[in-house]
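S.K.: Residue numbers (full-length UniProt numbering): 4 to 441. This is the structure I want to talk about, given as structure tokens.
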Amino acid sequence: HGTSKINEQGHLEIGGCDTVALKEQYGTPLYIMDEQLIRQRCREYMDAFRATGMQFQVAYASKAFCTMAMCRLVEEEGLSLDVVSDGELYTAMQAGFPVERIHFHGNNKTPEELELALDAGIGCFVVDNLIELHLLNAIAAEKGLQPKILLRVTPGVEAHTHEFISTGQEDSKFGFDIGNGSAYEAVVQADQLSSVELLGLHSHIGSQIFEVDGFEVAAQRVAEFARQLQRDKGIYFSVINLGGGFGIRYTAEDSPLQVADYVQAIANSIQKNFADSDGAVPQIWIEPGRSIVGDAGTTLYTVGTSKDIPGIRKYVSVDGGMSDNPRTALYDAKYEAVIANRAHDDSSELVSVAGKCCESGDMLIWDIELAHPVSGDLLAVACTGAYNYSMASNYNRLRRPAVVLVSEGNSDVIVSRESYADLVGNDLVPARLQASAA
Ligand code: LLP
4 HGTSKINEQG
14 HLEIGGCDTV
24 ALKEQYGTPL
34 YIMDEQLIRQ
44 RCREYMDAFR
54 ATGMQFQVAY
64 ASKAFCTMAM
74 CRLVEEEGLS
84 LDVVSDGELY
94 TAMQAGFPVE
104 RIHFHGNNKT
114 PEELELALDA
124 GIGCFVVDNL
134 IELHLLNAIA
144 AEKGLQPKIL
154 LRVTPGVEAH
164 THEFISTGQE
174 DSKFGFDIGN
184 GSAYEAVVQA
194 DQLSSVELLG
204 LHSHIGSQIF
214 EVDGFEVAAQ
224 RVAEFARQLQ
234 RDKGIYFSVI
244 NLGGGFGIRY
254 TAEDSPLQVA
264 DYVQAIANSI
274 QKNFADSDGA
284 VPQIWIEPGR
294 SIVGDAGTTL
304 YTVGTSKDIP
314 GIRKYVSVDG
324 GMSDNPRTAL
334 YDAKYEAVIA
344 NRAHDDSSEL
354 VSVAGKCCES
364 GDMLIWDIEL
374 AHPVSGDLLA
384 VACTGAYNYS
394 MASNYNRLRR
404 PAVVLVSEGN
414 SDVIVSRESY
424 ADLVGNDLVP
434 ARLQASAA
């Protein structure tokens with residue numbers, strides 16, 4: 004997919020770069036990001052919304068993959084940016100991302116984060132609870148500012164891949180419940196505060212979703228709620244944000260929709276549900292993360308040892324693992340992979356791919372057919388662009404891999420491989436513990 008293909012040497016090539024050459028140049032493990040594919044996904048969202056004729060914003064959910072170069076790409080493609088911490092905000096600001104196009108999320112923004120974002124001139128806060136609402140209003144008042152806000156509501160829809168669960172009241176740490184009246188109360192209070200400007204509502208129903216029905220029900224509930232506030236209080240919303248969660252294809256078992264189909268369905272349901280409102284149809288905002296970067300990422304590993312347990316399983320170990328991709332261990336995630344230096348070799352052997360971390364749960368892929376991997380082979384795991392680098396750790400003091408951005412035969416390092424010095428860079432040894440000079 005994307006710009007991937009098998010070249011004349013039988014090597015996997017991505018963005019016009021031979022993965023065998025990438026290994027020689029940068030080492031492994033290596034995250035490879037396909038610039039063309041990231042841009043293509045951004046354009047699919049923007050074009051699909053433009054086709055609806057509605058007003059919109061597409062905010063890339065940077066939690067999926069946040070680096071300065073990524074912020075630049077997203078900026079160039081005209082998207083907005085969703086951040087959930089001072090660290091993501093700082094990264095975006097260092098990249099020169101226009102702060103007025105940044106939305107600040109999170110269920111526990113600290114006072115320092117609110118100040119940092121206010122001082123920077125953030126585009127919008129997605130306010131999660133009453134404590135935050137009043138704190139933000141107070142800090143903004145002190146500074147003589149009036150930030151734009153959305154209120155995050157939980158519409159009682161929880162979506163997982165194919166099904167969605169419709170619940171009266173959602174057991175979630177996020178947002179204000181529509182079902183029990185707390186969202187209503189929050190809107191009334193926000194409307195009365197003089198140092199915030201209430202633009203509208205936000206809802207996010209889940210991640211890796213393949214169907215549109217969950218979004219449709221959420222849109223319907225949010226619209227009903229909005230109409231109730233119009234009737235009762237004369238409060239009109241200009242923005243409805245339906246969050247992210249659009250699924251991608253990790254393996255043949257996954258059957259996501261096309262980006263344009265998700266967008267069309269969301270636009271339709273907002274239009275339909277607000278058609279009989281006496282105000283204007285609100286703008287639609289969304290926040291895709293995984294579907295912008297997920298399939299643009301490939302992780303390259305070098306195969307090392309293996310252990311064949313006759314009649315049970317063959318483990319093949321690579322030079323990374325749960326430290327660069329914790330998703331298999333955490334979520335039982337599924338991935339596809341190929342032997343990148345013999346990508347044309349269609350022989351096959353059933354193996355399980357293990358990492359090098361010191362625990363049994365450190366697996367990348369259970370039960371996959373690969374072309375007889377042997378020590379020194381290169382393994383390319385597909386669809387690792389989202390929630391891999393961003394969730395990587397230094398477990399076992401492994402150094403986090405480099406990230407290279409590939410496009411039309413060029414490769415650029417966008418995150419350097421961590422060094423040994425980086426590993427101990429923040430370590431301090433109290434004087435009484437220092438190694439005495441021999
Ligand atoms: N907006 C909000 C408020 C969110 O909480 C999320 C994801 C998104 C947008 C973006 O969702 P996406 O389009 O990427 O599905 N670590 C997990 C995924 C956690 C998603 C958290 N929130 C994983 O690796 O599958």
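Beta carbons: idealized from backbone N, C-alpha and C, even for Gly. Given the structure is predicted, the values throughout are model-derived calculations rather than measurements.
Quick one: residues in its chain with C-beta nearer than 6 Å to the C-beta of E421, no 5 flanking neighbours on either side, listed in chain order?
M.R.: R402, R403
S.K.: Give the range of the alpha helix (DSSP H) segment to which residue 442 is assigned.
M.R.: The structure shown does not extend to residue 442, since the chain is modelled only from 4 to 441, so the question has no answer here.
S.K.: Considering only residues of the same chain and omitting the five flanking positions on each side of Y304, which have a CB-CB separation below 6 Å?
M.R.: Correct list, in chain order: T31, P32, V321, D322, G323, L382.
S.K.: Identify, in the order they occur along the chain, each residue of the same chain with its Cβ nearer than 6 Å to the Cβ of N110, setting aside the five sequence neighbours on each side.
M.R.: Its chain contains D131, K176, F177 as the residues whose beta carbon lies nearer than 6 Å to that of N110, once the 5 sequence neighbours on both sides are disregarded; these appear in chain order.
S.K.: Would the C-beta of P291 count as close to the ligand LLP, meaning under 7 Å from any of its heavy atoms?
M.R.: True, at least one ligand heavy atom lies under 7 Å from that Cβ.
S.K.: What residue range is occupied by the uninterrupted beta strand (DSSP E) comprising Q211?
M.R.: Its beta strand (DSSP E) spans residues 209 to 212.
S.K.: Rank G412, F240, I273 by C-alpha distance to the C-alpha of L154 and give the top, closest one.
M.R.: L154 has its Cα closest to that of F240, out of G412, F240, I273.
S.K.: I think V220 touches V160, with their Cβ atoms under 8 Å apart; what is that distance to the nearest whole Å?
M.R.: Contact between V220 and V160 holds, with the beta-carbon distance rounding to 5 Å and staying under 8 Å.
S.K.: Does the Cβ of D85 lie closer than 7 Å to at least one heavy atom of the ligand LLP?
M.R.: yes
S.K.: Does DSSP classify T113 as helix, strand or coil?
M.R.: coil
S.K.: Just to confirm, does G248 get its C-beta within under 7 Å of one of the non-hydrogen atoms of the ligand LLP?
M.R.: It does: the Cβ of G248 is within 7 Å (strictly closer) of some heavy atom of the ligand LLP.
S.K.: Could you tell me the alpha carbon to alpha carbon distance between S185 and F179, rounded to whole angstroms?
M.R.: Answer to the nearest angstrom: the Cα atoms are 6 Å apart.
S.K.: Under the three-state reduction of DSSP, which class applies to T94: helix, strand or coil?
M.R.: helix
S.K.: Q211: beta carbon under 7 Å from a heavy atom of the ligand LLP?
M.R.: With a cut-off of 7 Å, the C-beta of Q211 is classified as near the ligand LLP, since at least one heavy atom of the ligand falls inside that distance.
S.K.: So, helix, strand or coil for Y239, using DSSP?
M.R.: coil
S.K.: Between Q211, D216, H137, which has its C-alpha nearest residue 1's C-alpha?
M.R.: Outside the displayed range of the chain (4 to 441) lies residue 1, so it cannot be described from this structure.
S.K.: Report the CB separation of Y388 from G297 in whole angstroms; it is logged as a contact under 8 Å.
M.R.: Contrary to the premise, residue 388 reads as Gly rather than Tyr in this sequence. Indeed they touch by this definition, with Cβ atoms about 5 Å apart.
S.K.: Kindly examine the ligand LLP and report whether one of its heavy atoms sits closer than 7 Å to the Cβ of S351.
M.R.: no
S.K.: State whether the stretch 249 to 259 contacts the stretch 307 to 317, with contact taken as three or more CB pairs (one from each stretch) at a distance under 8 Å.
M.R.: no
S.K.: Among I134, G124, G292, R435, which has the Cα closest to the Cα of V193?
M.R.: For the sequence presented, residue 193 should be read as Ala rather than Val. For the residues I134, G124, G292, R435, the minimum Cα distance to A193 belongs to I134.
S.K.: Below 8 Å on the Cβ atoms is my contact criterion, and I expect G300 with Y34 to pass it. Report the Cβ-Cβ distance as a whole number of Å.
M.R.: 6 Å
S.K.: Tell me the residue span of the beta strand (DSSP E) that contains A317.
M.R.: Looking at the sequence shown, residue 317 is not Ala but Lys. Residues 316 to 321.
S.K.: On a Cα-Cα basis, can you pick out the residue from L353, E214, V215, P291 that is closest to G314?
M.R.: L353
S.K.: Between the beta-carbon of A64 and the beta-carbon of D85, is there less than 8 Å?
M.R.: Going by C-beta atoms, A64 is nearer than 8 Å to D85.
S.K.: Which residue marks the beginning of the alpha helix (DSSP H) containing Q267, and which one marks its end?
M.R.: 262 to 277
S.K.: With distances taken from CA atoms, which of K112, L119, P114, T113 is nearest A95?
M.R.: L119
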